[in-house]
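Just so we're aligned, residue 10 is where the sequence shown starts under this note's numbering, counting upward by one.
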Amino acid sequence: MANECFPVFDKAKSQYIVGYGSLLYEQARKTTNIGFKPEVPVWVDGFRRGWQTRTRQDNNVKVTELGVIPLVGGRFNGVLIAMPANNIRSIDRQQKLTCRVLVKPGQLTPMNNGKIPDNSQFWLYQTQNKYSHRPAGSYPILMSDVDEFLTGCIEQADQFGLESFASECVATTWYWSSHWVNDRLHPLKSKPAQIQRLQVDKLLENLEGNLYEQVRSQ
């Protein structure tokens with residue numbers, strides 16, 4: 010299914026996915042049959058991560074999910090996940106809102122004493138322009154999505170011994186919004202059950218404008 014949205018691979022090179030959202034969370038990787046573990050925590054330059062991907066679920070629930078778009082001067086933290094091309098093609102087939110784009114090695118900086126793998130291609134799933142919008146009343150952020158994202162960030166902080174990794178996830182994510190629904194007790198989408206709620210709450214308390222207190226009280 011190689012096309013403009015899902016380019017062909019260089020068969021002479023190893024393949025990596027840049028994980029920045031649900032792929033940070035081990036249980037989410039397992040439920041999507043992605044058993045590969047993150048290898049290198051990285052800064053990714055030239056892109057912006059944010060609550061900026063609008064979608065309508067099969068149950069007709071409308072939400073704004075996490076996504077990445079290109080931006081000069083943008084930066085966020087993520088992980089490199091080595092993956093065979095066939096497995097990446099399997100992910101491609103599940104994508105309706107994003108395209109797989111090439112990230113240059115020079116856009117990646119290790120956050121620890123690891124190194125960027127040589128002779129490799131690095132791919133990131135980027136939100137298509139037509140689906141890229143900020144949260145709104147009819148397309149809110151879901152707390153269950155936030156929990157999944159930040160639980161994954163906490164896992165990576167523990168795995169790589171990077172105390173600031175999880176807080177950087179919050180700081181380098183745009184468009185936290187008052188259009189944010191607390192669906193923790195009754196998730197509006199199917200979600201893995203294991204959630205680090207207390208640690209997630211602590212991370213979110215630093216958001217400006219007392220924003221998370223308004224959400225938590227819903």
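We treat Cβ as the ideally placed atom computed from N, Cα and C, and that holds for glycine.
Owing to the predicted nature of the structure, the values given are computational and were not obtained by experimental measurement.
Looking at the DSSP output, CYS108 sits in a beta bridge with GLN135. Ranked by Cα distance from ILE78, the first of ALA91, PHE158, GLY59, LYS71 is GLY59. At a Cβ-Cβ threshold of 8 Å, LEU133 and VAL17 do not count as neighbours. Note: ALA91 is bridge-paired with TYR25 in the DSSP secondary-structure output. Under DSSP, ILE78 takes part in a beta bridge, and its partners are ARG57. Per DSSP, reduced to three states, the secondary structure at THR181 is coil, with no helix or strand assignment. Between LEU197 and LEU159, the C-beta gap is not smaller than 8 Å, which leaves the two residues out of contact. In its chain, beyond the 5 residues on either side, LEU159, CYS162, ILE163, ALA166, LEU212 have a beta carbon closer than 7 Å to the beta carbon of ALA175.
Of the residues assessed, SER153 falls on the buried side of the cut-off, its CB having 16 or more other CB atoms within 10 angstroms.
Looking from the CA of GLY82, the closest CA among VAL53, VAL70, VAL88, THR107 belongs to VAL53.
Under DSSP, THR73 shares a beta bridge with ARG63.
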